[in-house]
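J.: According to our numbering, the residues represented by the sequence shown are 157 to 291, in order.
Even for Gly, the Cβ is constructed at its ideal location relative to N, Cα and C.
The structure that follows is given in the form of structure tokens.
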Amino acid sequence: MLYPIGIEMGDENHAYGVIVPDVPGCFSAGDTLEEAFINAKEAIAFHIEGMLEDGEDIPQPTSLQNHVKNPDYEGFTFTVVDVDLTHLMGKAEKINVTLPSLLIKRIDNFVATHPEYKNRSNFLAQLATNKLLSA
157 MLYPIGIEMG DENHAYGVIV PDVPGCFSAG DTLEEAFINA KEAIAFHIEG MLEDGEDIPQ
217 PTSLQNHVKN PDYEGFTFTV VDVDLTHLMG KAEKINVTLP SLLIKRIDNF VATHPEYKNR
277 SNFLAQLATN KLLSA
């Protein structure tokens, strides 16, 4: 899922701060911008895992523009991070699915050029998760 994050720029004396407006109480930081991105993804996944354990729903990401225009976040630079939450859904089970061969080929070609999807199954699981959570 693509979650908007707000980054408060750091310098040689201060870490980069990260807020996740769509996941209340979730924040992170990093000594470098790259570290801030990595830590933000981990913080979101960890926070949502805790929410699920407490019986709460997974918060849906909203539009990046909702936060960019919000005066509460003045001074933050916004972007999105892709967080794979499929591992939080429980043990994977193998199923048989019948799809047209052209669709399978298009899925495989798409997955081959988009490293955020580990394989065909991961692609289908992420799309199904996103669709169900937004319903």
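Flag this pair as touching only if the region 198-206 and the region 161-180 have three or more C-beta atom pairs under 8 Å; answer yes or no.
T.: yes
J.: Could you tell me the distance, in whole angstroms, from the CA atom of residue 212 to the CA atom of residue 158?
T.: Here the question's residue 212 lines up with position 56 in the sequence shown. Here the question's residue 158 lines up with position 2 in the sequence shown. Cα-Cα distance, rounded: 19 Å.
J.: May I have the straight-line CA-CA distance separating residue 245 from residue 253, to the nearest angstrom?
T.: Within the sequence shown, numbered from 1, the residue matching residue 245 stands at position 89. Within the sequence shown, numbered from 1, the residue matching residue 253 stands at position 97. Distance between the alpha carbons of residue 245 and residue 253: 19 Å.
J.: If you follow the alpha helix (DSSP H) that residue 267 is part of, which residue opens it and which one closes it?
T.: Within the sequence shown, residue 267 is the residue found at index 111, counting from 1. Looking at the DSSP string, the run of the alpha helix (DSSP H) that includes residue 267 is 257-269.
J.: Could you check how far apart the C-beta atoms of residue 187 and residue 171 are, in whole angstroms? I think they sit under 8 Å.
T.: Working through the sequence shown from its first residue, we reach residue 187 at position 31. Working through the sequence shown from its first residue, we reach residue 171 at position 15. Indeed they touch by this definition, with Cβ atoms about 5 Å apart.
J.: Which residues bound the alpha helix (DSSP H) around residue 277?
T.: For the purposes of this step, residue 277 is taken as the residue at position 121 of the sequence shown. Segment 276-289, the alpha helix (DSSP H) holding residue 277.
J.: Examine the Cβ distances between the region 218-228 and the region 256-275 and report whether three or more of them are shorter than 8 Å.
T.: no
J.: Check whether the Cβ atoms of residue 281 and residue 242 sit closer than 8 Å, and answer yes or no.
T.: For the purposes of this step, residue 281 is taken as the residue at position 125 of the sequence shown. For the purposes of this step, residue 242 is taken as the residue at position 86 of the sequence shown. Yes.
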